[in-house]
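Here's the structure we're looking at; comments come further down.
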């Protein structure tokens, strides 16, 4: 049933912009069996709309779009299948066609409120995942800079608060009273400096999950030092393992420390703390730093250093770090690349058959890897990437094309799995993962919020009067910006 208490319905249109839209129920008529809902964006097309709840007796849904044509659209429910969780509806506005609508269960994190202090990449990614899976994420932005560098802000709201002002810290304290999770990305001592440390906020909200996502942790000689992904990997020990033989350690793209050791492990900590809270009613501090997080990711490397053939040799000479010729990338004649991962003997044998190389001349184990590498390099360079894709298509070799970001979004396999979606700027971006059968993420391509876009709205929700809000704006404790502002 449509909820008349919350007055909200979640829908997703994957036809136009694949965004997640929360629409306000304006009127419910039990006599006419209709629901009038107000959309703040454009819902002019009804193709492939995912909804959280649907009324099986209503048989009609009336939606109103105020963005494009300000029209009222009546959708006739033709058939409801409780087994397949699908509803067949007919749209009379566009093409008068029958469309299947997927019924979606409640989102996994629906009902949670998250306060995310604006930062660089790790905290925003953690917050974005929570927003994708249903949490309300309020990003606390600082007055400067005027534009956000957070490109991971989809599905979030923004309140602009100067936490250096006493009135600003009071706003944050009041927000934390009714929030479930707080994510702060600062160096040790910053939150305590403004009276916003875990001891202070947990005293007013014992159920709060207070998440600290730092570079080097809260203690130790490096706790107050600045750093980036490369520095966290360096101290974790992982950086020493990255790179080719006889070369300096190679700085990878900032995924291991920032996003894996930082964002994802923080999210795991939050979910574990929420589980504990569901059993005890108590919140707690989740203290994750990217140095320790990266080290934890490397647990397998630590535990497998003595495994024969796998590790134990110098950097770049092992099975999985470029030492093996059959676990490497090779250029093709058109300047593209193929990735080879033929670790198992069967796959290696198949690889050589496709390349028309004699396995007796190029033994997988015990052979000269550089000799094998030279032969593979010569073969791959003779043909285009497309040629090799076709050649390896039906053969088990663990050989795949190296796709660019743009190519990955257009790849037929990725399209089949809906691995990418279109954002509000018309660009392809990865879809939320993993896929949950009962409580999936509802992919959102809404624009990232402008700094301070929701300041007024959020202050009203925590009982600030219009007069007080004007005072806070005039004293620059808060800032309200127009959503028409663009971001860099």
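Numbering (full-length UniProt numbering), first residue to last: 1 to 488. In this text, a Cβ means the ideal position worked out from N, Cα and C, and glycines have one as well.
- C-alpha of residue 165 to C-alpha of residue 308: approximately 60 angstroms in a straight line.
- A contact between stretches requires three or more CB pairs, one per stretch, nearer than 8 angstroms, and the segment 237 to 244 meets this requirement with the segment 296 to 306.
- Here the alpha carbons of residue 372 and residue 265 stand approximately 39 angstroms from one another.
- Residue 126 holds the alpha-carbon nearest to the alpha-carbon of residue 185 among 168, 126 and 177.
- In the same chain as residue 285, and ignoring 5 residues on each side of it, the C-beta atoms closer than 7 angstroms to its own belong to 198, 210 and 212, in chain order.
- Residue range 122 to 132 is occupied by the alpha helix (DSSP H) that includes residue 132, with no beta strand (DSSP E) assigned at that position.
- Closest by C-alpha distance to residue 334, out of 143, 433 and 389, is 389.
- Per the coordinates, the alpha-carbon of residue 180 lies some 24 angstroms from the alpha-carbon of residue 465.
- Apart from the 5 residues on each side of it in sequence, residue 217 sits with its Cβ closer than 8 angstroms to the Cβ of 188, 223, 287, 289, 291 and 292 in its chain, given in chain order.
- Residue 154 counts as buried, since at least 16 other C-beta atoms from the protein chains shown sit within 10 angstroms of its C-beta.
- In the three-state reduction of the DSSP assignment, residue 375 falls in the helix class, which pools H, G and I.
- Within the model, the alpha-carbon separation for residue 257 versus residue 242 is close to 13 angstroms.
- If you draw a straight line from the Cα of residue 342 to the Cα of residue 351, it is about 7 angstroms long.
- Contact check for residue 267 against residue 129 passes: the beta carbons are separated by less than 9 angstroms.
- As the crow flies, the alpha-carbon of residue 141 is around 14 angstroms from that of residue 182.
- Contact annotation: residue 205 and residue 177 have beta-carbon atoms nearer than 9 angstroms.
- DSSP, reduced to helix, strand and coil, places residue 353 within a helical segment of the structure shown.
- Residue pairing from DSSP places residue 399 in a beta bridge opposite 340.
- Within a 10 Å sphere around the beta-carbon of residue 364 sit 16 or more other beta-carbons, which makes this residue buried.
- Contact check for residue 336 against residue 385 passes: the beta carbons are separated by less than 9 angstroms.
- A buried status is given to residue 454, since no fewer than 16 other beta-carbon atoms sit within 10 Å of its beta-carbon.
- Separation of residue 347 and residue 329 (C-alpha to C-alpha, rounded to the nearest whole angstrom) is 16 angstroms.
- By the criterion of a C-beta distance shorter than 8 angstroms, residue 157 is surrounded in its chain by 136, 137, 138, 139, 449, 453, 454, 457 and 458, once the five residues flanking it on both sides are discounted.
- For residue 251, the closest C-alpha among the options 261, 233 and 107 is that of 233.
- Judged by DSSP secondary structure, residue 117 falls outside any alpha helix (DSSP H) and instead within the beta strand (DSSP E) spanning 113 to 117.
- When DSSP states are grouped into helix, strand and coil, residue 430 belongs to the strand group.
- Per DSSP, the unbroken alpha helix (DSSP H) holding residue 474 starts and ends at 466 to 474.
- In the DSSP assignment, residue 161 forms a beta bridge with 478.
- Per the C-alpha coordinates, the member of 111, 175 and 163 positioned closest to residue 192 is 163.
- Here residue 230 is not near residue 196, since their CB atoms are 9 angstroms or more apart.
- When DSSP reads this structure, residue 385 sits in no beta bridge, so it has no partner.
- Put simply, the backbone Cα of residue 261 is about 17 angstroms away from that of residue 226.
- Residues of the same chain with a CB within less than 6 angstroms of the CB of residue 383, apart from the 5 flanking positions on each side, are 333 in chain order.
- Per DSSP, residue 439 is not a residue of any beta strand (DSSP E), being assigned neither H nor E.
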